[in-house]
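Enquirer: Residue numbers (the working numbering): 2 to 155.
We put the CB at the ideal spot given by N, CA and C, even for glycine.
Below is the structure:
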């Protein structure tokens, strides 16, 4: 199976920084610490992408802990939608349809990010729309500025 294009890796690495917002506003020390580790290992995983690596394992482990913690501690619980977006993204990754993988993995992340913000009581409609627009602009900016030579399609 071919490797994920470097361009996608860079975009996913950079957009991992969005986890800083719930880390900074949360009053829950366990949640903050777990999410910080999740962000660190996510950035390491995407910056040094290798399928099956220890960074991928740790990224997934802390993501699962985050989602399980949110499922137990928050309401509403959008876990089924988050999991479905992740599965669809993984499906496209296995098909080597990397632009679709990037799209669905980004949607997965945005939904999980919104859930984290809801848990931290840091969301109202205006804030969410601002974050959504900035998140999309961040991805578009990276798409436009990461050199095409980084793309490794097989």
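(1) Just tell me which of 6, 71, 96, 141 has its CA closest to the CA of residue 50.
(2) Do you know how far the Cα of residue 116 is from the Cα of residue 136?
(3) Nearest-angstrom Cα distance between residue 48 and residue 19?
(4) Using a Cβ-Cβ cut-off of 6 angstroms (strictly less than) and excluding sequence neighbours within five positions of residue 146, which residues of its own chain qualify?
(5) So what does DSSP say about residue 43, is it helix, strand or coil?
(6) With 16 other CB atoms within 10 Å as the buried threshold, where does residue 189 fall?
(7) Considering only residues of the region 36-87, which uninterrupted alpha helix (DSSP H) runs meet the minimum length of 4 residues and lie entirely inside it, listed in chain order?
(8) Would the region 92-107 count as touching the region 61-70 if we require 3 or more Cβ pairs under 8 angstroms?
(9) Spell out a yes or no on whether the region 103-121 and the region 25-34 are touching, meaning 3 or more CB-CB pairs, one atom from each, closer than 8 angstroms.
(10) Would residue 86 and residue 108 qualify as a contact pair, given that the criterion is a beta-carbon distance under 8 angstroms?
(11) Measure the Cβ-Cβ separation of residue 16 and residue 39 and say whether it is below 8 angstroms.
(12) When the Cα of residue 71 is compared with those of 33, 128, 12, 138, which residue comes out closest?
Expert: Looking at the coordinates:
(1) Out of 6, 71, 96, 141, 6 has the C-alpha closest to the C-alpha of residue 50.
(2) Residue 136 and residue 116 have their C-alpha atoms roughly 15 angstroms apart.
(3) Spanning the alpha carbons of residue 48 and residue 19 requires a straight line of approximately 16 angstroms.
(4) Annotation for residue 146: no residue places its beta carbon closer than 6 angstroms to its own, counting only its chain and skipping 5 residues before and after.
(5) In this structure, residue 43 counts as helix in the three-state DSSP scheme.
(6) Shown here, the chain extends from 2 to 155; a query on residue 189 therefore has no answer.
(7) Listed in chain order, they are 55-74.
(8) No contact exists between the region 92-107 and the region 61-70.
(9) The region 103-121, when compared against the region 25-34, does touch it at the 8 angstroms Cβ threshold.
(10) Between residue 86 and residue 108, the C-beta spacing is below 8 angstroms.
(11) Cβ atoms of residue 16 and residue 39: not closer than 8 angstroms.
(12) Residue 33 is the option with its Cα nearest to residue 71.
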